[in-house]
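Each remark here refers to the structure printed beneath this line.
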Ligand code: AP5
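Residue numbers (my numbering): 66 to 343.
Now the structure itself:
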């Protein structure tokens, strides 16, 4: 009986061998096609539409490689002109989706407050409404994005990239952005929002004297940002408008424009529509 069984096994092995080579070849091709990092990022969508379990694994690997090895969370950028409501929306997004919120404006302001080297260099630019030179901020952001909390929970990047060279640095570093939200609000509304903004240094709450009045007991400790004067806001707006068209082409496949003119909760509903798809 052993003879015929061994014979059948041999026949089965001969029949299955070409199939095995086909699968190995398939796997090899899919990995080798990921080799150049730029085409890797651009090809992830086509990998996504192909069916099957193995394809899902490939997609995960593709995204992870682009985010530095073992990232699980999404990378979402929130952009828009000064006082558009980025910080206000980030609080809501963070609460619902659990992303780590990284605001380059907050990082820079903290450095100015602590009078660090970076803060001392950045202060003059920030006070005048100018952008801080990219070389002061790019490595810091790239480094922060490799930390474990960001890889695990995903990240909401607020205020970066702010110039085309910053966008390019992200692409070169293989940081794959899954959504690039751009909040749109007319300039005159932005001036009103900026001039009336007050920040609570203890809780981080963002108030507005008219649109979100602070409770009586915190009023005395509220801070009026040094760049929230009309002339500074207009200077910041000028900078924003001169940069944004050079940034968006880097993210054209993942841009989502958000009408930011409604009440904060209405704006959040628009954002939710898109982020729920992640
Ligand atoms: P940053 O702190 O990033 O400032 P910004 O982009 O100018 O944005 P803001 O913080 O002013 O506004 P926001 O959109 O968060 O609005 P908010 O929610 O507070 O940057 C500051 C500076 O740092 C820059 O000028 C630059 O010098 C430097 N910098 C930062 N990043 C840099 C980078 N990558 N490269 C180089 N330089 C960099 O809302 C505003 C007000 O409106 C609030 O009072 C709020 O209550 C109210 N509000 C919000 N939403 C609504 C609504 N829907 N209806 C009515 N009121 C609303």
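Backbone N, C-alpha and C define an ideal beta-carbon position, used for all residues, glycine too.
- Inclusion of residue 177 and residue 184 in the CB contact set at 8 angstroms is warranted, their separation being smaller than that value.
- Assignment of alpha helix (DSSP H) within the stretch 204–270, counting only whole runs of 4 or more residues, yields 213–218, 229–237 and 252–260 in chain order.
- The beta carbon of residue 277 sits closer than 7 angstroms to at least one heavy atom of ligand 1.
- Between residue 164 and residue 158, the CB-CB gap stays under 8 angstroms.
- Residue 141 holds the alpha-carbon nearest to the alpha-carbon of residue 226 among 286, 341 and 141.
- In this chain, the beta strand (DSSP E) harbouring residue 140 covers 140–144.
- Contact between residue 143 and residue 246 holds, since their C-beta atoms are separated by about 5 angstroms, short of 8 angstroms.
- Following the DSSP letters along the chain, one finds residue 324 inside the beta strand (DSSP E) bounded by residues 320–324.
- Around the CB of residue 174, 16 or more other CB atoms lie within 10 Å, so the residue is classed as buried.
- Under the three-pair Cβ rule at 8 angstroms, the stretch 210–224 does not count as touching the stretch 288–308.
- Between residue 319 and residue 248, the C-beta spacing is not below 8 angstroms.
- As computed with DSSP, residue 277 is found in a beta bridge with 273.
- Residue 168 carries a strand assignment under DSSP once its states are collapsed to helix, strand and coil.
- Residue 221 sits away from residue 304, with the two beta carbons spaced by 8 angstroms or more.
- Of 139, 137, 150 and 138, the smallest CA-CA separation from residue 257 is found for 150.
- Cβ neighbours of residue 329 within its own chain (closer than 8 angstroms, five residues either side excluded): 150, 153, 154, 157 and 277.
- Shown here, residue 288 sits in a strand according to DSSP, grouped into three states.
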